[in-house]
Amino acid sequence: MKALFPKVNTAGERDRPLSLNRFPGGIHGKSFYQKDVKDNASDWAKTFPYQTSDGEAKEYLVGNDIATLLWTNTLGCIEVNPWFSRVEHPDNPDYCVIDLDPDKHHFDKVIEAANVCREILESIGVPSFPKTSGSTGIHIYIPLDGKYDYDQS
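Each residue of the sequence shown is one higher than the one before, counting from 407 in our numbering.
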C-alpha cells in the first residue's frame, strides 16, 4: 500500500524545531510568530520540548515530513523557520549564518560585503556558502557540525 504522504529527502532540515510565521488572515493580514505548539499540535506531529533561556517551557513543532508541512499550511504559515540545530543537540548549531541585507543600500553593496566576508573566511580556512535571501539579501552559511554553542557561533 502506498503511503498517503511519501517520505521526502529533507536530510538537511530533518529533526529541526520550527518557528512558525502565521498569517491567519492571508498575506495582507496581521502575522504572528508561534513557537509553542503545546496542546495545539495533532497527535501524529512530532514535537520537541525545550526550556528557553528565560526558563519558559515550550514545545516546538519538528519538521520531518510532508504531512507536517501541509499542516503548517492549514495554520496559515507562509514562512517556516527551522532552527540551525537539531533536537539531538539543540544548543549546538550545525551552521551559522551571516545575514547581509541591503537596508537602504543597493544590491552592489551586499555583493561587496559578501566578497569581503568570503575573503576573510578563506584567509582563516573557514568554508562558507553564499545563498540569496528574500529578494535583496545574501546569507553566508558557515558549517559548524555542532562543535560550538550558539554564543560561540
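Cβ atoms here follow ideal geometry from the backbone N, Cα and C, with glycine treated the same way.
Q: Taking the CB atoms as reference points, tell me whether Tyr466 and Tyr501 lie closer together than 9 Å.
A: By 1-based counting over the sequence shown, the position of residue 466 is 60. By 1-based counting over the sequence shown, the position of residue 501 is 95. Cβ distance not < 9 Å, so Tyr466 and Tyr501 don't count as in contact.
* To do: May I ask which residues mark the beginning and end of the alpha helix (DSSP H) holding Ser529?
  => Residue mapping note: residue 529 aligns to position 123 of the sequence shown, counting from 1. It spans Phe513 to Ser529 - the alpha helix (DSSP H) in which Ser529 sits, taken as one unbroken run.
In this structure, does DSSP put Asn470 in helix, strand or coil?
Mapped onto the sequence shown, residue 470 falls at position 64. Three-state DSSP puts Asn470 in coil, outside helix and strand.
Can you check which of these residues, Gly469, Ser459, Glu462 and His434, is closest to Ala447 by C-alpha distance?
By 1-based counting over the sequence shown, the position of residue 447 is 41. It is Gly469.
message: For Asp497, count the other beta carbons within 10 Å of its own beta carbon; 16 or more makes it buried, fewer makes it exposed. Which is it?
response: On the sequence shown, position 91 is the one that residue 497 refers to. It is exposed - the Cβ of Asp497 has fewer than 16 other Cβ atoms within 10 Å.
To the nearest angstrom, how far is the alpha carbon of Arg492 from that of Glu528? Within the sequence shown, numbered from 1, the residue matching residue 492 stands at position 86. Within the sequence shown, numbered from 1, the residue matching residue 528 stands at position 122. Each residue's alpha carbon lies about 27 Å from the other.
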